[in-house]
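These notes are about the structure you will find just below.
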Amino acid sequence: MRILAIGDIHGCSQAFDTLMEAIKLQPTDRLITLGDYVDRGPDSKGIIDRLIGLNYTGQLVALRGNHEIMMLDADRYPHRLEGWLACGGRETLASYAPSSKKKGKLNDIPDEHWNFITNICQDWWETKEHFFVHANVNPHKPLSQQSSHDLFWTRFYHAQPHYSGKTMICGHTSQKSGQPISLGYAICIDTWVYGKGWLTCLDVNSGQIWQANQKGEQRTAWIEEFSTYCAISS
16 MRILAIGDIH
26 GCSQAFDTLM
36 EAIKLQPTDR
46 LITLGDYVDR
56 GPDSKGIIDR
66 LIGLNYTGQL
76 VALRGNHEIM
86 MLDADRYPHR
96 LEGWLACGGR
106 ETLASYAPSS
116 KKKGKLNDIP
126 DEHWNFITNI
136 CQDWWETKEH
146 FFVHANVNPH
156 KPLSQQSSHD
166 LFWTRFYHAQ
176 PHYSGKTMIC
186 GHTSQKSGQP
196 ISLGYAICID
206 TWVYGKGWLT
216 CLDVNSGQIW
226 QANQKGEQRT
236 AWIEEFSTYC
246 AISS
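Numbering (my numbering), first residue to last: 16 to 249.
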């Protein structure tokens, strides 16, 4: 069984579809998506639709990202709407608009999508050798005791080995180089797909990497090629 992790998608359905074609998902595979499905890119609605479909197969483990948190807060607390819109929410609402001549509204987002973000997405997930979070962790605390700030907002800078000895797989800190970064004990696979980068999938057991971009291009590599000399960007 392959355990495949995909970094921050940000509404980039062309890159996501191309990546899924490249990895050729098998019935025995487990797919972990690391959050930030919405905002910035052009097709947040399409990405949530695709993930809901994958969830029905029983193969998907979908984590929440800070952009899903902002989206939920914008719906619950009206005074936070403008903050979310400024961070990519406008692009998200546009993808839900009933026509190109109308602006999307929060009410245009279907209940099934809210349910996916609220009840299906998880804060973290782990195996015997790896754990998966959106952003980062406090290295001295178990996953069940992590703060929301660490799980959703803390950058990859100065990531430390977790006391469990497991390897952390995360996103959130976009690598403007388009390349993932591996510290050995921690791997970041947010590779700036909504900018000029790529969407990355990592087979955590073999170390194989697949990447795709919004132009429909593909490339492959191995995580060993991206060690600590790679620059960490914000």
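Every residue, glycine too, gets a C-beta built ideally from N, C-alpha and C.
Model, not experiment: these values are computed from the prediction.
- It is roughly 8 Å from the alpha-carbon of residue 217 to the alpha-carbon of residue 204.
- The C-alpha of residue 131 is placed about 21 Å away from the C-alpha of residue 113.
- Comparing C-alpha distances from residue 178 to each of 51, 40, 239, 201 shows the shortest one belongs to 201.
- When the Cα atoms are used, residue 151 and residue 188 turn out to be separated by approximately 9 Å.
- Here the alpha carbons of residue 96 and residue 206 stand approximately 27 Å from one another.
- Between the stretch 74-84 and the stretch 109-124 there are fewer than three inter-stretch CB-CB distances shorter than 8 Å, so the stretches are not counted as touching.
- The C-beta separation of residue 138 from residue 78 comes to about 7 Å, placing the pair in contact by the 8 Å criterion.
- Of the candidates 104, 233, 127, 128, 104 places its Cα closest to the Cα of residue 118.
- Rounded to the nearest whole angstrom, the C-alpha separation of residue 145 and residue 159 is 15 Å.
- For the pair residue 65 and residue 32, the CB atoms are nearer than the 9 Å cut-off.
- For the options 198, 228, 89, 125, the alpha carbon positioned closest to that of residue 23 is the one of 228.
- Here DSSP, grouped into helix, strand and coil, assigns residue 182 to strand.
- In the assembly as shown, residue 59 is a buried residue. Its beta-carbon has 16 or more other beta-carbons within 10 Å.
- In the DSSP annotation of this structure, residue 241 is not part of any alpha helix (DSSP H), being labelled neither H nor E.
- The alpha helix (DSSP H) runs of length 4 or more contained entirely in the stretch 80-132 are, from start to end of the chain, 81-91, 96-99, 105-111, 126-130.
- For residue 29, the uninterrupted alpha helix (DSSP H) run begins and ends at 28-38, by DSSP.
- Across the structure, residue 199 and residue 120 are spaced so that their CA atoms are roughly 43 Å apart.
- Residue pairing by DSSP places residue 218 opposite 19 in a beta bridge.
- The shortest C-alpha to C-alpha distance from residue 155 to any of 142, 174, 170 is the one to 174.
- DSSP places residue 204 outside both helix and strand once states are collapsed to three, so it counts as coil.
- Under the 10 Å beta carbon count, residue 94 is surrounded by fewer than 16 other beta carbons and is classified as exposed.
- Bounds of the beta strand (DSSP E) holding residue 75 are 75-77.
- Annotation: the continuous alpha helix (DSSP H) that includes residue 167 extends over 163-167.
- In this structure, the beta-carbon distance from residue 214 to residue 21 falls below 9 Å.
- Sixteen is the threshold: since fewer than 16 other Cβ atoms of the shown chains lie within 10 Å of the Cβ of residue 101, the residue is exposed.
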